Amino acid sequence: MSKKKEVFRSQKEGEVTFYSCGPTAYERANLSHCRRFVVSDLMVRYLESRGYKVDSYMNFTDLDDNTIEGAERAGVDLTTFTSGYIDSFLSDIDTLGVRRATGYPKASDHVQDMIEISHKLMHKGFAYEKHGSIYFDISKFERYGRLSGINLSKIQLGKTVDLDNYEKDNPRDFTLLKRSTLSELKKGIFFETEWGNVRPSWHIECSAMSTGYLGETLDIHTSSRDLMFPHHENEIAIAEAVTGKPLAKYWMHSELLLVDGKKMSSENNNVVTLKDLLAMGFTGREIRFLLLTVHYRKPINFSLKRLASIRTALKRLDEFTIKLLCLPPGRPHPEVTAYVSAMEEQFFTAMDDDLNVSLAMAAIYNFIKKTNPILQVNHLDRDQKNYIIEKLNTINQVLKIFKLQGCPLEPEVDALIQLREKARVEKDWETADKARNDLAQRGIAVIDTANGPLWKRVSDDEEE
RNA sequence: GGCGGCGUAGCCAAGUGGCUAAGGCAGUGGUCUGCAAAACCAUUAUUCAGCGGUUCGAAUCCGCUCGCCGCCUCCA
1 MSKKKEVFRS
11 QKEGEVTFYS
21 CGPTAYERAN
31 LSHCRRFVVS
41 DLMVRYLESR
51 GYKVDSYMNF
61 TDLDDNTIEG
71 AERAGVDLTT
81 FTSGYIDSFL
91 SDIDTLGVRR
101 ATGYPKASDH
111 VQDMIEISHK
121 LMHKGFAYEK
131 HGSIYFDISK
141 FERYGRLSGI
151 NLSKIQLGKT
161 VDLDNYEKDN
171 PRDFTLLKRS
181 TLSELKKGIF
191 FETEWGNVRP
201 SWHIECSAMS
211 TGYLGETLDI
221 HTSSRDLMFP
231 HHENEIAIAE
241 AVTGKPLAKY
251 WMHSELLLVD
261 GKKMSSENNN
271 VVTLKDLLAM
281 GFTGREIRFL
291 LLTVHYRKPI
301 NFSLKRLASI
311 RTALKRLDEF
321 TIKLLCLPPG
331 RPHPEVTAYV
341 SAMEEQFFTA
351 MDDDLNVSLA
361 MAAIYNFIKK
371 TNPILQVNHL
381 DRDQKNYIIE
391 KLNTINQVLK
401 IFKLQGCPLE
411 PEVDALIQLR
421 EKARVEKDWE
431 TADKARNDLA
441 QRGIAVIDTA
451 NGPLWKRVSD
461 DEEE
C-alpha cells in the first residue's frame, strides 16, 4: 500500500494468511495465468522456508459474464462448463510444480455470503438499488483509489465500458449484484433476494471469499498488476466498507507477461497456453524456470527463443547435480564447505530482499562454477557431498528447480553401461555403440567423463 | 488527457551515490574425447536511451527530450 518495500511482519507470530486472485473458468491457462501461479507459489514456498505456516487460498471465478456466455456457446450447463476448466487449471498447477494451496474456493459456492455483504453495505449506506441491481456508491468511500493512486475526477469515463448498459447514479460506481437477464432466469442462473433475482459481480466475489476464508485483514494479497484497478480497488472498497478494517496488510502485484512487447491477451491475439508449449515438447519445469527467474515486479517478454535459452541453462544445472549425485567419495576438499555456506547466505539474503531471484540464482551459479573443478578431480568426501545435497535441497524447497533424485539405477541399465565401458576398453566400438543405442531407447543418455561414465534420464518426472 | 512502470553487452538480467558494472544464454579460444554428445576452463560493456544539472565522485539524485508498455469502472 505504501508502494515501497517494507519489512514483512505477519499479524500472528509465525503464521501468514495469503490470498491470490484466481482465474476465470472459461479458458485454458495461458502463460499470464501461469506466471501468477508460479509467483504466488514462490511467495508461499519462501515464507514456508522461513518458518511460517501459510494459510493460502486461490479462488476460481465460475459465475460471471464469460462463464455464462461460454456455457451458452458450448451448449452445456454452467457447472459442467466451468468444472472442466477448473480441473484443467488444477492439473496445470501440478505441471508447473506449484504446491497446492490450502483451498480453492469457487464463487458459485459463496453467493449467500455476497448477498449478506450487499445487505450490510445497503444498511451502512454504501450501496443502492436501481432497477433490480445493487451498486456500490463510491462517493461514500473516501479512501477509494489509495492502492492504484488514481484520481477519480481525472479519469476518462466510458473508455472501456458501454455506459448505456448500466443505470448507475454515477458512472464511477460499480456493480455488486446484477439483475439476472431473461436467458439467465431461463437457465436457472439466479439467486432470489429481496431486490429480485440477481447474480453477483466479479468484485464482490473476491471480497467475500478472501475475508470469508482468512478473516477481515489478510497478511498478503497477491495478483497481477493489471487487476489493480478497478478490481482490487473495488474489492478493498467492499471489504473495508463492511469491516472498517484494511483488507490486506501487504499487496504484492506481479508484472505482466508480454509477447513482442504487448500484453498476452485475447485482444492482442497472442495467447500461448501451457498446453501449447507442452505439445511443443517443453516441460512444466522449463516453463516454471522461465517464469520464476525474472523478478516478479518486472515484465517478462516471452519468446520461444528465450524458452530455448532457459532450457540450456537448466540443462547445465542438471549436469551439475547429476555429476554431484553420481560422484564416488574421494578425498575431502578444504574449502568446499565455505563455498556452500556462501551460496546459502547469498541466496537467502537476496530472497529476503523482496524475492530478488536473479541475484539468488547468481549465488547458485557462482557456487557451481567453483565446485565444478572439484567434481572434475573427485575431490569431495562423503560428508561434504551429502552436505551440498542437503543445502541444495533446502534451496530447492523454495525454487523446485533442481533434480535431486539419487544416482542408483536399475540393474539392467547398470549392466548396459558396464558392458559399454568394457567394450570401449577393448575398443570394440560396435558393441559400445549398440549399448549406447539400447540405453537411449530406455530414455537414458550416457555422458563420458574422466571419472567414468555418467547417465541421466532424458525425461523430466521427479517426485517432490 | 490522467495515473503508473520500463530503457544496462547480440539476447536475458542484477546493481539505485564511491571497491575491477553480478550472473545466465549465444559467440570466440582452449582442455577432454574411438566416434558422437556432453562437460570443464578462459574470454566477451572505459560504459548504463539522449542531452543538461547537482556532487570531490552518478548507471544510481534532479530537469528536459526520445522510445516502449500497462491501467483508466464488470476482458480477466
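With our numbering applied, the first sequence covers 1 to 464. No residue lacks a Cβ here, since even glycine has one placed at the ideal position from N, Cα and C. For clarity, every value in this text was computed on a predicted model and none was experimentally measured.
Grab me the residues of Asp381's own chain with a C-beta within less than 7 Å of its C-beta, minus the 5 sequence neighbours each way, in chain order. For the purposes of this step, residue 381 is taken as the residue at position 381 of the first sequence. Setting aside the 5 residues that flank it on each side, Asp381 is surrounded in the same chain by Pro329, Gly330, Arg331 and Pro332, each with a C-beta closer than 7 Å to its C-beta; the list follows chain order.
Cβ neighbours of Phe190 in the same chain (closer than 8 Å, five flanking residues each side left out): On the first sequence, residue 190 is found 190 positions in, with the first residue counted as 1. These residues qualify, in order along the chain: Ser180, Glu184, Asn197, Val198 and Arg199.
What residue from His33, Met280 and Asn30 has the CA that sits closest to Ala308's CA? Translated into the one-based positions of the first sequence, residue 308 becomes position 308. Of His33, Met280 and Asn30, the residue nearest in Cα terms is Met280.
For Leu218, three-class secondary structure by DSSP: Taking the first sequence and counting its residues from 1, the one referred to as residue 218 is at position 218. In the structure shown, Leu218 sits in a strand (DSSP, three-state: E or B).
Could you give the residue range of the alpha helix (DSSP H) that holds His131? Numbered from its first residue, the first sequence carries residue 131 at position 131. Taken as a continuous stretch (DSSP letters only), His131 belongs to no alpha helix (DSSP H), as it is neither H nor E.
Any idea if Lys298 is buried or exposed, counting beta-carbon neighbours within 10 angstroms, 16 or more meaning buried? Residue mapping note: residue 298 aligns to position 298 of the first sequence, counting from 1. With fewer than 16 other Cβ atoms inside 10 Å of its own Cβ, Lys298 counts as exposed.
So which of Asp137, Arg146, Thr293 and Phe81 has the shortest CA-CA distance to Asn356? Position 356 of the first sequence, counted from the first residue, corresponds to residue 356. Just measuring C-alpha positions, the residue of Asp137, Arg146, Thr293 and Phe81 sitting nearest Asn356 is Thr293.
Closest to Gly132 by CA distance: which of Gln112, Lys168, Arg146 and His123 is it? What you label residue 132 is simply residue 132 of the first sequence in a count that begins at 1. Checked all of Gln112, Lys168, Arg146 and His123; the closest Cα to Gly132 is Lys168.
Thr24 versus Gln384: straight-line alpha-carbon distance, rounded: Position 24 of the first sequence holds residue 24. Position 384 of the first sequence holds residue 384. One C-alpha to the other measures close to 48 Å.
Please name the residue in Val413, Arg172 and Ala241 whose C-alpha comes closest to that of Ser118. Translated into positions along the first sequence, residue 118 becomes position 118. That would be Ala241, whose Cα lies nearest to the Cα of Ser118.
At a cut of 8 Å, does the region 21-40 reach the region 258-266 through at least three beta carbon pairs? Yes, since at least three Cβ pairs between the region 21-40 and the region 258-266 fall closer than 8 Å, the two stretches touch.
Can you tell me whether DSSP reads Ala25 as helix, strand or coil? Here residue 25 refers to the residue found at position 25 of the first sequence. The DSSP-derived three-state label of Ala25 is coil.
Do you know offhand how far Glu412's Cα is from Ala360's? Residue numbering aside, residue 412 sits at position 412 when the first sequence is read from its first letter. Residue numbering aside, residue 360 sits at position 360 when the first sequence is read from its first letter. About 40 Å.
CB-CB length for Ile401 against Phe289, believed under 8 Å: By 1-based counting over the first sequence, the position of residue 401 is 401. By 1-based counting over the first sequence, the position of residue 289 is 289. That belief holds up - the Cβ atoms of Ile401 and Phe289 are roughly 6 Å apart, short of 8 Å.
Taking Gln405 as the reference, which of Ser224, Asn393, Glu345 and Thr349 has the closest Cα? Taking the first residue of the first sequence as 1, we reach residue 405 at position 405. Among Ser224, Asn393, Glu345 and Thr349, the Cα nearest to that of Gln405 is on Asn393.
Nearest CA to the CA of Ser148: which residue from Arg306, Arg73 and Ala237? In the first sequence, counting from the first residue as 1, residue 148 sits at position 148. From the listed residues Arg306, Arg73 and Ala237, the smallest Cα separation to Ser148 is found for Ala237.
According to DSSP, is Ile444 helix, strand or coil? Mapped onto the first sequence, residue 444 falls at position 444. Three-state DSSP puts Ile444 in a strand.
In three-state DSSP terms, what is Ser223? The residue labelled residue 223 in the question sits at position 223 within the first sequence. Strand.
For Ala248, does the three-state DSSP call read helix, strand or coil? Start at 1 with the first residue of the first sequence, and residue 248 comes out as number 248. It is a strand residue.
In three-state terms, what does DSSP make of Ser20? Here residue 20 refers to the residue found at position 20 of the first sequence. Ser20: strand per DSSP, three-state reduction.
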